[in-house]
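Heads up: the structure comes next, in structure tokens.
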């Protein structure tokens, strides 16, 4: 059975994982900030509209803005964009750190088993992230009718 070379591992596994975590982190950051901006803008408009007695349908608009705030806040909480943004970024940066220590031949990658140590440490980081995700999913409240 052919052994995986360090360049193959770096290219096929490590770089792939770095890119995945980085892209997911960026997406979560955009969603988190977008939802927060919606909340902030809608909340800022409500007092302005409340002071305009002559505005047609102002009560409906204020109610709609309140509903928009609730939906944005619930969506952010449900999909955990802020937490995922931070966690994915941390994992991406940790993987990059390991890669560059390995490429530079720095400890703990300065021995004869450098590649094996790299694989073990990288897979440990990825496994830890997967475990955190599993715990997070299992700790979500159950919704009736959803398994």
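In the numbering used here, the protein residues as written are 4 to 150.
In this text, a Cβ means the ideal position worked out from N, Cα and C, and glycines have one as well.
| Check | Outcome |
| --- | --- |
| Could you compute how far the alpha carbon of residue 107 sits from the alpha carbon of residue 117? | 11 Å |
| With H, G and I counted as helix, E and B as strand and the rest as coil, what does DSSP make of residue 132? | helix |
| Quick check: what's the CA-CA separation for residue 101 versus residue 81? | 32 Å |
| Decide yes or no for the touch test of the region 34–48 against the region 82–100: beta carbon pairs closer than 8 Å, at least 3 of them. | yes |
| Alpha carbon to alpha carbon, how far is residue 128 from residue 134? Give it in angstroms, no decimals. | 10 Å |
| Would you decide whether residue 75 is buried or exposed? Buried here means 16 or more other CB atoms lie within 10 Å of its CB. | buried |
| When burial is assigned at 16 or more other CB atoms within 10 Å of the CB, is residue 10 buried or exposed? | exposed |
| Enumerate in chain order the residues of its own chain whose CB-to-CB distance from residue 21 is below 8 Å, with the five nearest sequence positions on each side excluded. | 95, 98, 99 and 102 |
| Going straight from the alpha carbon of residue 90 to that of residue 25, what length do you get? | 10 Å |
| Taking only the alpha-carbon atoms, compute the straight-line gap between residue 53 and residue 92 and give it to the nearest angstrom. | 41 Å |
| Determine whether the beta carbon atoms of residue 43 and residue 68 lie at a separation below 8 Å. | no |
| Mind checking residue 114: buried by the 16 CB within 10 Å criterion, or exposed? | exposed |
| Report the CB separation of residue 72 from residue 46 in whole angstroms; it is logged as a contact under 8 Å. | 6 Å |
| State yes or no: is the beta carbon of residue 70 nearer than 8 Å to at least one beta carbon in chain B? | Absent from the structure: chain B. Only one protein chain is present. |
| Run the CB neighbour count on residue 132, radius 10 Å, all protein chains shown included, and call it buried at 16 or more, exposed below. | buried |
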